[in-house]
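Residue numbers (the numbering used here): 6 to 159.
Using N, Cα and C, we set each Cβ at its ideal position, and we do this for glycine too.
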Ligand SMILES: [Cu+2]
């Protein structure tokens, strides 16, 4: 083997060693924790056909008004309408706060608006697992709603 080709061979071996260790580091530090942390969720559930829209209607902050979150009780099917959007159509800031504050979806994480939803703004969440729960508005606890999320019937 000539001096030049053995030099080239050495660089080649070095490149393979560096390349594979970069691969191992990437796999163990980025790919593996990510794949372990997030469960596999089908594309139909991550990108459902439609969204469920819930409005916080005008004057929701009044305890005398019966309707606030509209609709109040919603049946949702995974893969159909499990992407939920709360629109604040009122002139007062509101929150979307689960009655059980530790409510969590194993893919989407902790549920609940991170602070208030200002007038004209919205909060959205994609549910990926069946669950039934109630929620309310923290400053106006008479504002309540319930979601029933079930597997698709199709
Ligand atoms: Cu409110």
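Asked	Found
Do residue 73 and ligand 1 come close, with the Cβ less than 8 angstroms from some heavy atom?	yes
Have a look at residue 140 and residue 118 and give me their C-alpha separation to the nearest angstrom.	11 angstroms
Three-state secondary structure (DSSP) at residue 23?	helix
Considering residue 129, what are the terminal residues of the beta strand (DSSP E) in which it resides?	127-131
Compare the beta carbon distance of residue 62 and residue 69 with 9 angstroms and say whether it is the shorter of the two.	no
Would you give the residue range spanned by the beta strand (DSSP E) that residue 85 belongs to?	Note, residue 85: premise wrong, no beta strand (DSSP E); not H, not E.
Give the range of the alpha helix (DSSP H) segment to which residue 152 is assigned.	Run containing residue 152: none in the alpha helix (DSSP H); it sits in the beta strand (DSSP E), 149-155.
If you reduce the DSSP assignment to three classes, tell me which class residue 136 lands in.	strand
So what's residue 35 in DSSP terms, helix, strand or just coil?	helix
Starting from residue 50, follow the alpha helix (DSSP H) in both directions and report where the run begins and ends.	48-51
Taking 8 angstroms as the cut-off, is the beta-carbon of residue 96 closer than that to any non-hydrogen atom of ligand 1?	no
Determine whether the beta carbon atoms of residue 124 and residue 93 lie at a separation below 9 angstroms.	yes
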